[in-house]
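Residue numbers (mature numbering (1 follows the signal peptide of the UniProt record, and there is no 0)): -21 to -1, 1 to 287.
Ideal Cβ positions, reconstructed from N, Cα and C, are used throughout, including at glycine.
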Amino acid sequence: MRRPLLILAALLLTACGGTQPEGSATTKVTAGVIAIVDTAPIHLGKAKGFFTEQRIDLAITPVQGGAAAVSGAVSGQFQFAFANTTSLLTAKQQGLDVKVVANGVSSTGEQGKDFSAVLVKPDSPIKAAKDLAGRKISVNQLKNIGDTTVRASVRKAGGDPTGIEFVELPFPDAPAALQSGRVDAIWVVEPFVSQAISQGARPVAWNFADAAPDLTVAMYFTTSKTDADLTKRFTAAMRKSLEYADAHPDEVREVLKTYTKIAPEVIAKIYLPKWPVEVNKASVQTIADLALADGVLNKKVDVSALVP
């Protein structure tokens, strides 16, 4: 008789709500994220417990760039990942299964106070963005958001960007390439903007600020394989993380010490980006249009299919 009694007890316990409610289990999630200043909110959000609140056990895996993030998400290596706007537009154009779930990082929109700049040597004859026409400029990845926004700076200043020669160089190598004269100018983001300026480099363009007002530079995304409820929970945690990071710059600077190799004295003075909760869809469309005009994209991308 003992076994039926145990079954009956279990049934009564279930009827009274004594078991864990459906959907309350913690989900293990892996996110592919570049270890740069831009991604501070997800690290800060994890430290603050915002993902735990959403029953997410978050593992952050470092990736090298947008292309690696996209391939990792599409192949199922990550449920969520972070990539810049142009990488995601390119992926969508190629028919890859990507869908934006949260904003990633945005330009401050302020000339002289942004986290992305084009810099030259102190004695360079290049005095303004217009003078970049026909020059050799480094970018971290060809046919991406760097060359698109640098061209936008040159056009805005009245120059012709068609003759610019872009050279692919990792951001950490760019300041030395500028000093040695290997390139005429470099496009870098923080902390390399502050590093190059401390070595005497001079900014001649703030390309993210030039390209579009309040430019959405990168976003978090997933694929259709990810469960809808999990996506909803991840998005909620990410939005809270963005809001918190934007309101607590001192804590952002502290969390940078935990996942980057940026020296503390550099962290103290770098220009931080903005982390608004909402994606600026108009700016994403601007980047799509510029990339199409420059030949980075070969057909018009429906931004609403990428950013719901």
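By the criterion of a C-beta distance shorter than 8 Å, Val286 is surrounded in its chain by Val79, Met198, Val258, Lys260 and Val263, once the five residues flanking it on both sides are discounted.
Per DSSP, the continuous beta strand (DSSP E) segment holding Arg181 begins and ends at Arg181 to Ala184. In the three-state scheme derived from DSSP, where H, G and I count as helix and E and B as strand, Ala4 is classed as coil.
Shown here, Pro41 sits in a strand according to DSSP, grouped into three states. A contact between stretches requires three or more CB pairs, one per stretch, nearer than 8 Å, and the stretch 99 to 116 fails this requirement with the stretch 205 to 212.
Segment contact: the stretch 221 to 235 against the stretch 23 to 38, three or more CB-CB distances shorter than 8 Å; contact assigned.
Scanning the stretch 163 to 210 for uninterrupted beta strand (DSSP E) segments of 3 residues or longer gives 164 to 168, 181 to 184 and 195 to 201, listed from N- to C-terminal end. Within the stretch 112 to 144, the runs of alpha helix (DSSP H) at least 4 residues long that lie entirely inside it are, in chain order, 124 to 135. The beta carbon of Glu222 sits closer than 6 Å to those of Val256, all from its chain and outside the five residues before and after it, given in chain order. For Ala60, the uninterrupted beta strand (DSSP E) run begins and ends at Phe59 to Asn63, by DSSP. Distance between Thr87 and Glu32, taken at the CA atoms: about 29 Å.
For Ile105 and Val183, the gap between their C-alpha atoms comes out near 8 Å. With a 10 Å radius around the Cβ and a threshold of 16 neighbouring Cβ atoms, Asp163 comes out buried. For the set Ala153, Arg130 and Ala136, the Cα lying nearest the Cα of Gly142 is the one of Arg130.
The C-beta separation of Arg181 from Val99 comes to about 6 Å, placing the pair in contact by the 8 Å criterion.
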